[in-house]
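Worksheet: one structure, shown below.
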């Protein structure tokens, strides 16, 4: 399967997205991104959600950026316990954070399954070898060779 080519959003696509979100808000809570994407040609539901959250949502919803508070972490833990990795649902319980922020915080920091043990010299050697072969594709590297480690941990190593 080939990766889709990334391309900048046009002002026309932004207008279509805004209109689609307004239309969908009348029918659904939370937004149904599959429905929204039907009104924005050649953009997926994920494209629309990411564009909305990164560019337009802050005008509608106060999205917090920067460091997470302990209270936000507790809300995130509770939400993940309730909904699992259904990040749009999780984000509804963590007010002020979007689904991408919640997923990243969980996967890189809070997930109890993260291997936080000290890196061994064998792991260090393997990491250097694998990065030489695969490049700095941290998520792929850890998935293939370092189960339990995060891409961020490998990158920072």
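Numbering (the UniProt record's numbering), first residue to last: 1 to 157. Cβ coordinates follow ideal geometry from the N, Cα and C atoms, glycine included.
Close beta carbons around residue 64, own chain, < 7 Å, minus the five adjacent residues each side = Residue numbering aside, residue 64 sits at position 64 when the chain shown is read from its first letter. Within the same chain, and ignoring the five residues on either side of residue 64 in sequence, the residues whose Cβ sits closer than 7 Å to its Cβ are 96, 97.
Any idea if residue 34 is buried or exposed, counting beta-carbon neighbours within 10 angstroms, 16 or more meaning buried?
-> Taking the chain shown and counting its residues from 1, the one referred to as residue 34 is at position 34. The residue in question, residue 34, is exposed, as its Cβ has fewer than 16 Cβ neighbours within 10 Å.
Beta carbon of residue 94, beta carbon of residue 72: below 8 Å?
-> Start at 1 with the first residue of the chain shown, and residue 94 comes out as number 94. Start at 1 with the first residue of the chain shown, and residue 72 comes out as number 72. With a cutoff of 8 Å on beta-carbon distance, residue 94 and residue 72 are scored as near each other.
Going by the CB atoms, is the gap between residue 150 and residue 142 shorter than 8 Å?
-> Within the chain shown, residue 142 is the residue found at index 142, counting from 1. Within the chain shown, residue 150 is the residue found at index 150, counting from 1. Yes, Cβ-Cβ distance for residue 142 and residue 150 is below 8 Å.
Determine the contact status of residue 102 and residue 113, defining contact as a CB-CB distance below 8 Å.
-> Counting from 1 along the chain shown, the entry for residue 102 is found at position 102. Counting from 1 along the chain shown, the entry for residue 113 is found at position 113. Their beta carbons are not under 8 Å apart, which means residue 102 does not touch residue 113 by this criterion.
Mind checking residue 117: buried by the 16 CB within 10 Å criterion, or exposed?
-> The count along the chain shown starts at 1 and reaches residue 117 at position 117. Residue burial is scored here from C-beta neighbours: residue 117 has fewer than 16 other C-beta atoms within 10 angstroms and is therefore classed as exposed.
Contact under 8 Å by Cβ, residue 80 with residue 106 = Taking the first residue of the chain shown as 1, we reach residue 80 at position 80. Taking the first residue of the chain shown as 1, we reach residue 106 at position 106. Cβ atoms of residue 80 and residue 106: closer than 8 Å.
Go through its chain and collect everything with a Cβ distance to residue 45's Cβ below 8 Å, but skip five positions before and after it.
-> Stepping through the chain shown from its first residue, residue 45 is reached at position 45. These residues qualify, in order along the chain: 33, 34, 36, 37.
Option in 110, 154, 52, 138 with minimal Cα separation from residue 119 | Position 119 of the chain shown holds residue 119. Taking only the C-alpha atoms, the option nearest residue 119 is 154.
Can you say whether residue 67 is buried or exposed, counting buried as having 16 or more other CB atoms within 10 angstroms of its CB?
-> Position 67 of the chain shown, counted from the start, is the residue given in the question as residue 67. Exposed is the label assigned to residue 67, since fewer than 16 other Cβ atoms lie within 10 Å of its Cβ.
Nonlocal neighbours in the same chain, by C-beta distance under 7 Å from residue 147, ignoring five residues either side = Here residue 147 refers to the residue found at position 147 of the chain shown. Once the five neighbours on either side are set aside, residue 147 has no close Cβ partner at all.
Go ahead and label residue 165 buried or exposed: buried means 16 or more other beta carbons lie within 10 angstroms of its beta carbon, across all protein chains shown.
-> Within the shown structure, residues of the chain are numbered from 1 to 157, placing residue 165 beyond reach of any answer.
Is DSSP giving residue 5 helix, strand or coil here?
-> As a first step, residue 5 is located in the chain shown; it is residue number 5 there, counting from the start. Note: residue 5 maps to coil in three-state DSSP.
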